[in-house]
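Protein chains in written order, with the working numbering: chain Z, 1 to 253; chain F, 254 to 593.
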């Protein structure tokens, strides 16, 4: 089977074409241009380079969130447009489990952190467990927005329980490196550049497994998973009196 | 042009998710609008993040319905037109990204369209005989422009608002007198029960720019009036405030428009944008244009509100001139009219 995988949940725009066990092409860009300017030209470039016939693509794999609200929507609208026009389904993969795929098979705990502003990170805690047909991801902390200190304490606890050291990755690392170093009491490391950001090719194999299990949705069903309400809704639920149309766009990061 | 040009158009600049299929710019095969108004009403205005979230949930359904109602598939679409500005950046990005992906997947030419150009071109849909040059008043929640339409896609802005857009003033006053959001239709309705000459609100002139608008002074005058009445313990007649405020807005819009038409020596005048649905404005413009011997064009309300058919019309005239957008087309929230 052949899939196009897309991730623009964070600072990186990433697209890949993967066919069965072969990575045909991957294009990652971490640059100041917006994903709206980079994502589709990147896909166009690898399509031309590899003479891809779009009618042979079976599904679009998409990093569904959490992440930058605007980034998620650019990826989502692109995936949904491709899905609608090519009449193929979308396979959703969580951004954090997708990031964890960069460290497939590691014996360490995997702790992706994405800067979520407001002094929080989007995070989860994962590890790999050996099964008959390869490694499977085990979740110790489900996707959430967490204060960095709370997360460090939690991942330290899991580390002591499991006897595993911790690998941090994601665009939250440069922001919280010092805090982690100061507070953590267990062995840890930071993933190097080639595996520390979202990569479409990394989660494409997982998306294929989901697809084979029937876990795919139509373009009408898919929407990003933000993990957070809009600021206006949050203030409403928090009971803060706030009338008026002068709301600022609340971008997750 | 020998062959008919069929365009799929997409609009998501504010709180309406819309898609349409049009032929040769003037024939509408479908015009689907999903309005988010109920989700924004309780906040008293459009919340950008909520608007963006609703767009992404509905964009494909709206496109699908537009194609089905038109009896079309993507295979017989000649071009895709999409609004890329001005508007809310997060909202625009949903339509732009979806349009680009579809254009890429089906190898269909893509044309980015200016939202205001769409509003102006809405006049072409129901008036097959209308052709440039003419003068157009564009008034909506986000815009108040007097535009000289010199040719298809060639515009000169004669006047613009210095502060609030006309529709914005309607929203703010409606909120102050407890009518809620959206203010335009609610004030229009309330004003029918009121006396437009009962309260005298100012008609603002902009020093040195006789075609520019300013509505924030008028808004403040209404708020002052309400405050004073409250301090004196007087009950405010909402209908009279609505009618008097509306008359003040209409007077200024009409006066500037008629003067602009005369100044340009034009005999054709059109209106566009959400505020163009206002019944008092339409009636007064009909009267004045009739008096002055000016041909008056106004779109039906469905083409005044944000819709995609108008984007298809504007896109058509850009398309036949050879305009094409690349896959790097971005949303431009403050896009200027006439710039590409």
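C-beta: ideal position from N, C-alpha, C; glycine also.
1. Which of helix, strand or coil does DSSP assign to residue 457(F)?
2. Report the residue from 92(Z), 33(Z), 38(Z) and 37(Z) whose alpha carbon sits nearest the alpha carbon of residue 209(Z).
3. What residues in its chain sit with their C-beta under 8 angstroms from that of residue 49(Z), if we drop five residues either side in the sequence?
4. For my contact list, residue 263(F) and residue 394(F) are in at a C-beta cut-off of 8 angstroms; report their separation, rounded to the angstrom.
5. Between residue 286(F) and chain Z, is any beta-carbon pair separated by less than 8 angstroms?
6. Please give the ranges of any beta strand (DSSP E) in the stretch 515-544 of chain F, keeping only runs that are unbroken, at least 3 residues long and fully inside the region.
7. Hey, how far is the Cα of residue 79(Z) from the Cα of residue 350(F)?
8. Evaluate contact between the stretch 551-568 of chain F and the stretch 514-527 of chain F, counting only Cβ atoms and requiring at least three cross-stretch pairs below 8 angstroms.
9. Thinking C-alpha only, which one of 485(F), 469(F) and 366(F) is nearest residue 265(F)?
10. So residue 367(F) is in the beta strand (DSSP E); what residue range does that whole segment cover?
11. Going by the DSSP bridge assignment, what does residue 28(Z) pair with across the sheet?
12. Does the beta carbon of residue 303(F) sit closer than 8 angstroms to a beta carbon anywhere in chain Z?
13. How would you label residue 36(Z), buried or exposed, when you count the other beta carbons within 10 angstroms and need 16 or more for buried?
14. Does residue 74(Z) pass the burial test, meaning 16 or more other C-beta atoms within 10 Å, or should it be called exposed?
15. So, does the CB of residue 417(F) fall closer than 8 angstroms to a CB anywhere in chain Z?
16. Among all the DSSP beta bridges, which residues are the ones paired with residue 5(Z)?
17. Hey, how far is the Cα of residue 18(Z) from the Cα of residue 203(Z)?
18. Can you give me the start and stop residues for the beta strand (DSSP E) that residue 270(F) sits inside?
19. Determine the chain F residues that contact residue 73(Z) at a beta-carbon separation under 9 angstroms, and present them in chain order.
20. Strictly by DSSP, which residues pair up with residue 392(F)?
21. Check each candidate in 591(F), 302(F), 409(F) and 293(F) and name the one with the smallest Cα separation from residue 231(Z).
22. Once the 5 residues before and after residue 229(Z) are set aside, which same chain residues still bring their CB inside 8 angstroms of it?
23. Three or more C-beta pairs closer than 8 angstroms, one from the stretch 377-393 of chain F and one from the stretch 97-112 of chain Z: is that the case here?
24. Give the residues of chain F in contact with residue 58(Z), contact being defined as C-beta atoms less than 9 angstroms apart.
25. What is the DSSP secondary structure of residue 353(F), counted as helix, strand or coil?
26. Using a 10 Å radius around the Cβ and a threshold of 16 neighbouring Cβ atoms, would you call residue 289(F) buried or exposed?
27. How would you label residue 326(F), buried or exposed, when you count the other beta carbons within 10 angstroms and need 16 or more for buried?
28. Grab me the residues of residue 197(Z)'s own chain with a C-beta within less than 6 angstroms of its C-beta, minus the 5 sequence neighbours each way, in chain order.
29. Using the Cα positions of residue 387(F) and residue 538(F), report the straight-line distance between them to the nearest angstrom.
30. With a CB to CB cut of under 8 angstroms and the five nearest residues on each side skipped, what residues in its chain are close to residue 535(F)?
31. Give a yes or no on whether 8 angstroms exceeds the smallest Cβ distance from residue 81(Z) to chain F.
32. Taking all protein chains shown into account, do 16 or more other C-beta atoms lie within 10 angstroms of the C-beta of residue 138(Z), making it buried, or fewer, making it exposed?
33. Let's see if you can read the secondary structure: which residues bound the alpha helix (DSSP H) around residue 557(F)?
34. What does residue 231(Z) touch in chain F if you count any residue whose Cβ is under 8 angstroms from its own?
35. Under a CB-based cut-off of 8 angstroms, is residue 580(F) close to chain Z?
36. Suppose you measure from the CA of residue 357(F) to the CA of residue 390(F); what does that come to, to the nearest Å?
Quick look at the numbers:
1. coil
2. 92(Z)
3. 25
4. That belief does not hold up - the Cβ atoms of residue 263(F) and residue 394(F) are roughly 20 angstroms apart, past 8 angstroms.
5. no
6. 521-525
7. 9 angstroms
8. yes
9. 366(F)
10. 363-367
11. 14(Z)
12. yes
13. buried
14. buried
15. no
16. 16(Z) and 61(Z)
17. 10 angstroms
18. 269-276
19. 305, 306, 308, 309, 343, 346, 347 and 350
20. 397(F)
21. 302(F)
22. 237
23. no
24. Result: empty, since nearest Cβ-Cβ is about 14 angstroms, beyond 9 angstroms.
25. helix
26. buried
27. exposed
28. 12
29. 15 angstroms
30. 524, 529 and 551
31. yes
32. exposed
33. 554-557
34. 302
35. yes
36. 36 angstroms
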